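Q: Its first residue numbered 8, the sequence shown is counted upward by one per residue in our numbering.
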Amino acid sequence: MTGRTFRLDAYNGATTATAPLDGFAFAQPISIIVEYDPIYTANLAERPLWLYRRADEHWQHIGRSYTYDPANSRVTIQTTATGEFVLVQGPLQQVHLPRVVGR
Numbered sequence: 008m009t010g011r012t013f014r015l016d017a018y019n020g021a022t023t024a025t026a027p028l029d030g031f032a033f034a035q036p037i038s039i040i041v042e043y044d045p046i047y048t049a050n051l052a053e054r055p056l057w058l059y060r061r062a063d064e065h066w067q068h069i070g071r072s073y074t075y076d077p078a079n080s081r082v083t084i085q086t087t088a089t090g091e092f093v094l095v096q097g098p099l100q101q102v103h104l105p106r107v108v109g110r
């Protein structure tokens, strides 16, 4: 996975002293605005930025609306989910490897 991950957590109350609400989803989509370093996005026209969320042991594409602002090196994404996210350029290439058990 190339890219820096970040977390979006929801808490019950006004402080983070309690544990985040596991599996929380917003009733309505919220906007996540991510700023990126333009030096790493030279081919943005061919390979746009995509947001993925960790779902158990794999990454799930967040396929909601994206708004690109290349002049300010920002992308805005709509989501209802919380958890661990990563912003990458283009779709992830998934490689399926065989599972080897014992000898």
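Beta carbons are placed, not taken as given, at the ideal position from N, Cα and C, and that holds for glycine.
All figures in this text were calculated on a predicted structure; none of them were measured in a lab.
Where T74 and L94 are concerned, what is the direct C-alpha to C-alpha distance, given to the nearest angstrom?
A: 13 angstroms
Q: Determine the DSSP secondary structure at Y43, reduced to helix, strand or coil.
A: coil
Q: Going by DSSP, what residue range makes up the beta strand (DSSP E) through R11?
A: No beta strand (DSSP E) holds R11; DSSP gives it neither H nor E.
Q: My output table needs one value for P105: the three-state DSSP class, helix, strand or coil.
A: coil
Q: Our contact map puts P36 next to T87 with C-beta atoms below 8 angstroms; I'd like the distance itself, whole angstroms only.
A: Yes, P36 and T87 are in contact; Cβ-Cβ is about 5 angstroms, under 8 angstroms.
Q: Which residues in the same chain as Q67 place their Cβ atom closer than 8 angstroms to its Cβ, once the five residues preceding and following it in sequence are excluded?
A: Y59, R60 and R61
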